Amino acid sequence: MKAVRPAGRGGWATLTLLAAAALLVRLPAPAGEVRDARPNLVLIVADDHGTDALGCYGNPEIRTPHLDALAADGTRFTHAFGTTASCSPSRSVILTGQHNHRNGMYGLQHDMHHFQSFATVKSLPVRLAAAGYRTARIGKFHVAPESVYAFETVLSGGAANDPASLGRSPVEMAEQVRDVVFSRDARPFFLYFATDDPHRGNVVLPNGRPSFETYPAPNPFGNRAAGYPGVTPVKYDPARVRVPPFLPDTPECRAELAEYYQAVSRLDQGVGRLVQLLKDSGQYERTLIVYLSDNGVAFPGAKTTLYDPGVRLPLLVRMPGRRNPGVVQDAMVSWVDLTPTLLEVAGAPIPEGECDGRSFRAALDGASLPGWDVVYGSHTSHEITMYYPMRSVRTRQYKLIHNLAHGLRFPFALDLIQSPTWVGLQRSGATVYGQRPIAQFLQRPEFELYDLTRDPGEVVNLADAPDRQGVKRDLVEKLKAFQVASRDPWMHKWSYE
């Protein structure tokens, strides 16, 4: 592994000069070497970004011109799903093609949480390196062990709980991958570009530990008065933001959504800078670009749940050489499908039985994917104190959630329970959060069954409805088969409960 020293904030002028100089030359492969014809792969992973805050997904208030351009030049998926709404577990799925209950990343990786994947797991960067790709990562990592998720080049890291993190400065992040993009190495590259935006921000206490206690002020979502190098702040009027139906339309929520939008627009500018670097280097037309998020927005009702706001996510894929860009794809794809898809694009072997997903490579050429009508979810923990295993199966019409620890009160992540939106609602004495009764949100039954065509907000639980028992039985059998196929240790709970 090659580590690269990050440039400090004072290095921005140097980076700018390098940028100007690099525009003058596009370096070919060294003499005597034939450049590998396989495409470069760029995987951009945002932190807590839902489809609610993207122009190309129907929000006219937010400004995301670069991501919208990526959608216009590629494929936009309307039914793309994470398997869990928790950072480390979701990223482990993205980078292995295995559900987190199979690869071992049951919860968060950092600090005292200490979850990590099994040492025997082979990740996407390891497989691509074996296939002849050079691999590099920058920004938020949040998976372990590093031997499993090994990259040839490690650039600056990121940390959502550090307001000075490079991952909050996406334009600067893009500048730091210049050597990867402009390299004369004949091998194609795989770049993992993971921002901290638009994760909730925090206040750093004198002891250096983070605190999310921002009530009654809105959480800053990483926004700061000093700004970030190369970023033009885009600020939003709380009165004009779109409040999703699962959230309460309160002043606190609107103020937080305005901050969230600002973080998304900052992220968008970083994506724009990265795309421009690819164009300046002559690599854009031979690079596949994927944009997605680990999970939905960091509000109660989305993050750490298996409800759609937590797991139905943006997925934009720009395939080089595509003749008919701007396609909207409605196949139901899952983050377990990403690794096999990228391996197929790279011409690398997809080991039989080692991925829980399948390749949707054909969709990137505009093909329809008949039969792609079901996805599965698996959430076990988030923070170490947040054990609440759930498994789900979702078709186009129905979703079944199995709450394995249904006797427990649903646990909250620290950043969510201390959010001004939630605290303000609690202090007001309200009994409804968005469309859902708070009591129903906190104390959940063993099964939740929703008819998504009539109830997209997932509010009316039909698990005990007499006329839906056939549907429930069918989905339970699908869920059991999924757990067996994906080697879910929690499968055994069916045998004694």
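Just so we're aligned, residue 2 is where the sequence shown starts under our numbering, counting upward by one.
Built from N, CA and C at the ideal position, the CB exists for glycine as well.
As the structure is a computational prediction, the values presented were derived from the model and not from experiment.
Whose CA, out of 322, 80, 66 and 324, lies closest to the CA of residue 395? The sequence position of residue 395 within the sequence shown is 394, counting from 1. Considering only alpha carbons, the answer is 80.
Can you tell me whether residue 443 is buried or exposed? The criterion is at least 16 other CB atoms within 10 Å of its CB, across all chains shown. In the sequence shown, residue 443 corresponds to position 442, counting from 1. Counting of Cβ neighbours within 10 angstroms places residue 443 among the exposed residues, the total staying below 16.
Inter-residue spacing [alpha-carbon to alpha-carbon] between residue 171 and residue 198: Reading the sequence shown from its first residue, position 170 is the one you call residue 171. Reading the sequence shown from its first residue, position 197 is the one you call residue 198. Approximately 8 Å between the Cα atoms of the pair.
Does residue 338 come out as helix, strand or coil in the three-state DSSP assignment? The residue labelled residue 338 in the question sits at position 337 within the sequence shown. Residue 338 carries a helical assignment under DSSP once its states are collapsed to helix, strand and coil.
How many whole angstroms separate the CB atoms of residue 99 and residue 127, which I take to be in contact at a CB cut-off of 8 Å? Counting from one through the sequence shown, the residue named residue 99 turns up at place 98. Counting from one through the sequence shown, the residue named residue 127 turns up at place 126. That pair is no contact at about 13 Å.
The alpha helix (DSSP H) spanning residue 441 covers which residue range? Mapped onto the sequence shown, residue 441 falls at position 440. Note, residue 441: alpha helix (DSSP H), 439–443.
For a test of the three-state rule: what should DSSP assign to residue 380, helix, strand or coil? Within the sequence shown, numbered from 1, the residue matching residue 380 stands at position 379. Note: residue 380 maps to strand in three-state DSSP.
Leaving aside the five residues before and after residue 275 along the sequence, list all residues of the same chain whose C-beta is less than 6 Å from its C-beta, in chain order. Counted from its first residue, the sequence shown places residue 275 at position 274. Around residue 275, the same chain offers 175 as residues with beta carbons nearer than 6 Å, after the five sequence neighbours per side are excluded.
Residue range of the alpha helix (DSSP H) that includes residue 174: Reading the sequence shown from its first residue, position 173 is the one you call residue 174. Residue 174 -> alpha helix (DSSP H) spans 171–177.
Kindly indicate which three-state DSSP category residue 101 falls into: helix, strand or coil? Along the sequence shown, one-based indexing puts residue 101 at 100. Helix, per DSSP.
Delimiting residues of the alpha helix (DSSP H) encompassing residue 253: Within the sequence shown, numbered from 1, the residue matching residue 253 stands at position 252. DSSP places residue 253 inside the alpha helix (DSSP H), whose first and last residues are 252–281.
Residue 490 versus residue 390: straight-line alpha-carbon distance, rounded: Taking the first residue of the sequence shown as 1, we reach residue 490 at position 489. Taking the first residue of the sequence shown as 1, we reach residue 390 at position 389. When rounded, the distance between both Cα atoms is 11 Å.
Can you look up residue 304 in the DSSP assignment and give me helix, strand or coil? The count along the sequence shown starts at 1 and reaches residue 304 at position 303. Looking at residue 304 - three-state DSSP - the assignment turns out to be coil, as it is neither helix nor strand.
Return the first residue and the last residue of the beta strand (DSSP E) that residue 477 is part of. In the sequence shown, counting from the first residue as 1, residue 477 sits at position 476. That residue, residue 477, is in no beta strand (DSSP E); its alpha helix (DSSP H) goes 470–486.
Terminal residues of the continuous alpha helix (DSSP H) containing residue 63? Residue numbering aside, residue 63 sits at position 62 when the sequence shown is read from its first letter. Looking at the DSSP string, residue 63 is not in any alpha helix (DSSP H), and its letter there is neither H nor E.
What are the residues that DSSP puts in a beta bridge with residue 41? For the purposes of this step, residue 41 is taken as residue 40 along the sequence shown, with counting starting at 1. According to DSSP, residue 41 bridges with 288.
For the region 109–168, which segments carrying the beta strand (DSSP E) assignment without a break, of at least 3 residues, lie completely within its bounds, in sequence order? Contiguous beta strand (DSSP E) elements confined to the region 109–168 occur at 135–140 and 154–158, taking only those with 3 or more residues.
Considering only DSSP beta bridges, list what residue 434 is partnered with. Stepping through the sequence shown from its first residue, residue 434 is reached at position 433. According to DSSP, which records beta bridges pairwise, residue 434 is partnered with 437.
If you reduce the DSSP assignment to three classes, tell me which class residue 315 lands in. To locate residue 315, count along the sequence shown from 1; it is residue 314. Strand, per DSSP.
Return the residue from the list 473, 457, 458 and 456 that minimises the CA-CA distance to residue 464. Position 463 of the sequence shown, counted from the first residue, corresponds to residue 464. Scanning 473, 457, 458 and 456 for the CA closest to the CA of residue 464 turns up 473.
Could you tell me the boundaries of the beta strand (DSSP E) in which residue 450 lies? Position 449 of the sequence shown, counted from the first residue, corresponds to residue 450. Per DSSP, the unbroken beta strand (DSSP E) holding residue 450 starts and ends at 448–452.
Would a C-beta distance cut-off of 7 Å place residue 256 and residue 239 closer than the cut-off? What you label residue 256 is simply residue 255 of the sequence shown in a count that begins at 1. What you label residue 239 is simply residue 238 of the sequence shown in a count that begins at 1. Inclusion of residue 256 and residue 239 in the CB contact set at 7 Å is warranted, their separation being smaller than that value.
Determine the DSSP secondary structure at residue 94, reduced to helix, strand or coil. For the purposes of this step, residue 94 is taken as residue 93 along the sequence shown, with counting starting at 1. Helix at residue 94.
Whole-angstrom Cβ separation of residue 303 and residue 51, contact assumed at under 8 Å? The count along the sequence shown starts at 1 and reaches residue 303 at position 302. The count along the sequence shown starts at 1 and reaches residue 51 at position 50. That belief holds up - the Cβ atoms of residue 303 and residue 51 are roughly 6 Å apart, short of 8 Å.
With distance defined between alpha-carbon atoms, name the residue in 306, 313 and 346 nearest to residue 321. Taking the first residue of the sequence shown as 1, we reach residue 321 at position 320. Closest by C-alpha distance to residue 321, out of 306, 313 and 346, is 346.
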